[in-house]
Amino acid sequence: MLAKVLSSAVLGIDAYIVEVEAHLTGAKLPKFITVGLPEGAVRESKERVTAAIRNSGYYFPNKHVTVNLAPADIRKEGSAFDLPIAVGILAAMGFVKNDYLEKLILLGELALDGTLRPIKGALPLAIAARREKIRGMILPVKNAQEAGIVNEVKVVGAETLSEVIQILNGEIVREAVQVDRAELFNSSRQYTLDFADVKSQEQVKRAIEVAAAGGHNVIMIGPPGSGKTMLSKRLPTILPDLVLDEALETTKIHSVAGLLSDKRGLIATRPFRSPHHSISDAGLIGGGTIPRPGEVSLAHNGVLFLDELPEFKKNVLELLRQPLESGEVTIARASMSLCYPARFMLMAAMNPCPCGYNTDPNNECSCTPQMIQRYMSRISGPLLDRIDIHIEVPAVPFTDLAEKEPGEPSETIKHRVQAARVVQLQRFSQQEQMFANSQMETQDLHKYCQLDRTSTELLKSAMEKLGLSARAYDRILKVSRTIADLENAVKIEPQHLSEAIQYRSLDRQMWLG
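Heads up, the sequence shown is in this note's numbering, so the first residue is 1 and it goes up one at a time.
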């Protein structure tokens, strides 16, 4: 007795079709074997499946049960195979009609009483079904809204194993989930934070606007309580709105990681991730025994905020260099290599010294120059090379904190940022995978950041008198180009260069006494 059921599994952030084969043969000693490189939760599924079948009103066969998960050369992980394995066994026993088993994908974790529990990765699984022209899917009710975003696949939610059997046998009819993607997308685009809440700090807000307009990475240096975290959390509110394709890609990553709420089928706002400084390299970059996306991938199309940057382990920070450079993370294993997208804006924050009060006029600093230098040396030069803008964030005076007048709202700032991004999209329209000034290479700087004689002399003088490092040269040109774009200027003017030069405080080491 043999039955075949279609299922699916996630590899990286994409999915592939898995054929679940259940074969029953007579045997003196009953046995349940799962083959096809099952791992962890898949190997344990036989206990859940056995109990769920019996508690759903069916009897478990007193036979030798062999379940094969094909393709057999790819490791299978997760509990989503519970449902197709159970249905396959019941189909082999004759309890399920075979009319739809090879036209539908079945997914779901089984509780011991036969209840269906939600799974991870419903969206990429539905996208795989559409790609392979599969007719529809049956999966847990709590995953139906997420999978239903893929309108081309009929998605039906079920609550129990017995309900799934009844649907397959035509005994009951369940309507496919209908999701209005445009309405869901538009209704989910609201942010709860706003730059209007930020008092004072006009120079810092201007620098963050420049960073958002050009996609530049930022580091903020200031004493505790100066508003670094508050400002960082509001950066996504002034970035250009996500388009639907970006929202789907972002949602896929969060779905695979199991971070998607069943009430929120689509992520339509730019993500903001803020890991603690004690995070491991696998937690930040991704990987582990069972590879999963790290914080850099969860921040894809959004912002990665690293507070207290020097407190992060140095080896962890060094791993940021690849995603900052290429916009993706490659995790290699002996049997496979996975690639996760990781195109994000880095927003880092730090104190000017170990005690935090070196630049605070209201508090006395207790650190020696050697302590400050040792503190700063935890951030490597190659990492700083990838940060375009350095902002000094001063403490906010009480008079500004008590000001009742709100600041400039995020919507107004976003309007200017989007206008500058349109200019850049037109500029790089002939170049693949280039969307913002921060992505320019040396040859692009020669083409788009040409300086007249006055500007060249100004930059030369600044490099010499302020002691700017060589790595600051390209960064100043990129930021200058963005400032010019904000003013809709065709070429870089001296005032654009002057402002960009101000954003290189770490090169000048102004915090040292």
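Note that beta-carbon positions come from the ideal geometry of N, C-alpha and C, so glycine has one too. No experiment lies behind these values; they were computed from the predicted model shown.
Beta-carbon contacts of residue 50 that lie in its chain and below 8 Å, excluding the five residues immediately before and after | 32, 60
Three-state secondary structure assigned by DSSP to residue 14 | strand
Output the distance between the C-alpha atoms of residue 14 and residue 24, rounded to the nearest integer angstrom.
-> 32 Å
Is residue 155 helix, strand or coil by DSSP?
-> strand
State buried or exposed for residue 290, treating a residue as buried only when at least 16 other CB atoms are found within 10 Å of its CB.
-> exposed
Is it right to say residue 88 is buried, meaning 16 or more other beta carbons lie within 10 angstroms of its own, or is it exposed?
-> buried
Contacts around residue 206, its chain only, beta-carbon distance under 6 Å, and the 5 residues preceding and following it disregarded = none
Cutoff 7 Å; reference residue 375; Cβ partners in own chain excluding five residues on either side = 310, 353, 354
Between the beta-carbon of residue 157 and the beta-carbon of residue 119, is there less than 8 Å?
-> no
How is the alpha helix (DSSP H) around residue 219 delimited, first residue to last?
-> Where residue 219 is concerned, there is no enclosing alpha helix (DSSP H), although the beta strand (DSSP E) it sits in stretches over 218–221.
Please list, in chain order, all residues of the same chain as residue 12 whose beta carbon is under 6 Å from its beta carbon, the five residues on each side excluded.
-> 338
Identify the residues that DSSP records as bridge partners of residue 368: which are they?
-> BP columns for residue 368 are empty, so no partner.
heavy atom of the ligand MN below 7 Å from residue 229 C-beta | This structure lacks the ligand MN; in fact it carries no ligand of any kind.
Apply the 10 Å Cβ neighbour rule to residue 332 and answer buried if 16 or more other Cβ atoms are within range, or exposed otherwise.
-> exposed
What is the rounded straight-line gap between the Cα of residue 92 and the Cα of residue 69?
-> 15 Å
Can you list, in chain order, the residues of its chain whose CB lies under 6 Å from that of residue 323, leaving out five sequence neighbours each side?
-> 296, 329, 342
Buried versus exposed call for residue 415 [16 or more other C-beta atoms within 10 Å across all chains shown] | exposed
Note down the Cα distance separating residue 440 from residue 248, rounded to an integer number of angstroms.
-> 26 Å
The region 102–117 / the region 151–166 touching (three or more Cβ pairs under 8 Å) = yes
Taking residue 392 as the reference, which of 171, 489, 213, 505 has the closest Cα?
-> 505
Could you tell me the distance, in whole angstroms, from the CA atom of residue 468 to the CA atom of residue 363?
-> 29 Å
Have a look at 453, 326, 298, 312 and flag the residue whose alpha-carbon is nearest the alpha-carbon of residue 386.
-> 326
When the Cα of residue 98 is compared with those of 479, 348, 169, 219, which residue comes out closest?
-> 169
Got a sec? Which residues, its chain only, sit under 8 Å from residue 147 by beta carbon, not counting five neighbours each side?
-> 122, 123, 125, 126, 137, 139, 153, 155, 177
Taking residue 71 as the reference, which of 56, 19, 348, 197 has the closest Cα?
-> 19
Go to residue 315, then tell me how far its alpha helix (DSSP H) extends in each direction, as first and last residue.
-> 314–318
Collapsed DSSP secondary structure at residue 478 in the structure displayed | helix
Which whole-angstrom value describes the C-beta separation of residue 227 and residue 198, a residue pair presumed to lie in contact below a C-beta threshold of 8 Å?
-> 7 Å
Round the Cβ separation of residue 104 and residue 260 to the nearest angstrom and send it over; I've been treating them as touching at under 8 Å.
-> In fact, because the Cβ distance is near 23 Å, the residues do not count as touching under 8 Å.
Can you give the Cα-Cα distance for residue 512 and residue 369, rounded to whole angstroms?
-> The predicted position of residue 512 is uncertain, since its pLDDT is 39 and thus under 50; a value taken from the coordinates is nonetheless stated next. Computed Cα separation, rounded: 7 Å.
If you measure from the beta carbon of residue 184 to each beta carbon in chain C, is any gap under 8 Å?
-> No chain C appears in the structure shown, which is made up of a single protein chain.
Start-to-end residues for the alpha helix (DSSP H) that takes in residue 185 | 181–187
What is the C-beta distance between residue 268 and residue 188, in whole angstroms, given that I count them as a contact (C-beta under 8 Å)?
-> 4 Å
Spell out a yes or no on whether the region 482–498 and the region 405–413 are touching, meaning 3 or more CB-CB pairs, one atom from each, closer than 8 Å.
-> no
Out of curiosity, what's the CA-to-CA distance linking residue 90 and residue 345?
-> 51 Å
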